[in-house]
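Heads up: the structure comes next, in structure tokens.
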Amino acid sequence: MLTIDDCIALSDLTEAEIDAIAEHEHLPEILAVELGCCLAHDAEGIRRIARIIREDIDRARSHGQTVHARQLTVVLDGFMHQHPAL
Numbered sequence: 001m002l003t004i005d006d007c008i009a010l011s012d013l014t015e016a017e018i019d020a021i022a023e024h025e026h027l028p029e030i031l032a033v034e035l036g037c038c039l040a041h042d043a044e045g046i047r048r049i050a051r052i053i054r055e056d057i058d059r060a061r062s063h064g065q066t067v068h069a070r071q072l073t074v075v076l077d078g079f080m081h082q083h084p085a086l
């Protein structure tokens with residue numbers, strides 16, 4: 001049986017990246033894993049993930065959630081490091 005951690009590992013995304021997708025799309029974590037996995041294996045999908053994280057950062061800032069915005073910025077920096085062509 002696969003655990004949620006196994007599914008995340010198979011997605012080629014980090015747990016924080018999955019969490020950002022879940023937050024943005026208002027999805028349970030396992031559905032965000034599935035969506036993220038599909039997006040992570042397509043050039044346009046990779047751009048969409050970066051856009052999702054940026055929008056999450058903007059939303060956090062607009063709601064005064066500076067700590068969350070900083071956490072998401074770290075997530076975006078790591079994602080951009082993994083995908084330098086963006």
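The numbering of the sequence shown is the UniProt record's numbering, which starts it at 1 and goes up by one. Yeah, the Cβ is synthetic: ideal placement off N, Cα and C, and Gly gets one too. Nothing here was measured: the structure is a model prediction, and the numbers come from that model.
With a threshold of 16 other CB atoms inside 10 Å of the CB of residue 67, please say whether the residue is buried or exposed. exposed
Kindly indicate which three-state DSSP category residue 35 falls into: helix, strand or coil? helix
Check whether the Cβ atoms of residue 50 and residue 86 sit closer than 9 Å, and answer yes or no. yes
For residue 37, the nearest candidate out of 22, 10, 72 (CA to CA): 10
Where do the ends of the alpha helix (DSSP H) carrying residue 45 lie? 43-62
Take residue 4 as the anchor and find which of 39, 73, 58, 31 has the nearest alpha-carbon. 31
Since residue 52 and residue 8 should fall inside the 8 Å C-beta cutoff, what is the C-beta to C-beta distance between them, to a whole number of angstroms? Residue 52 to residue 8, Cβ: 16 Å. No contact.
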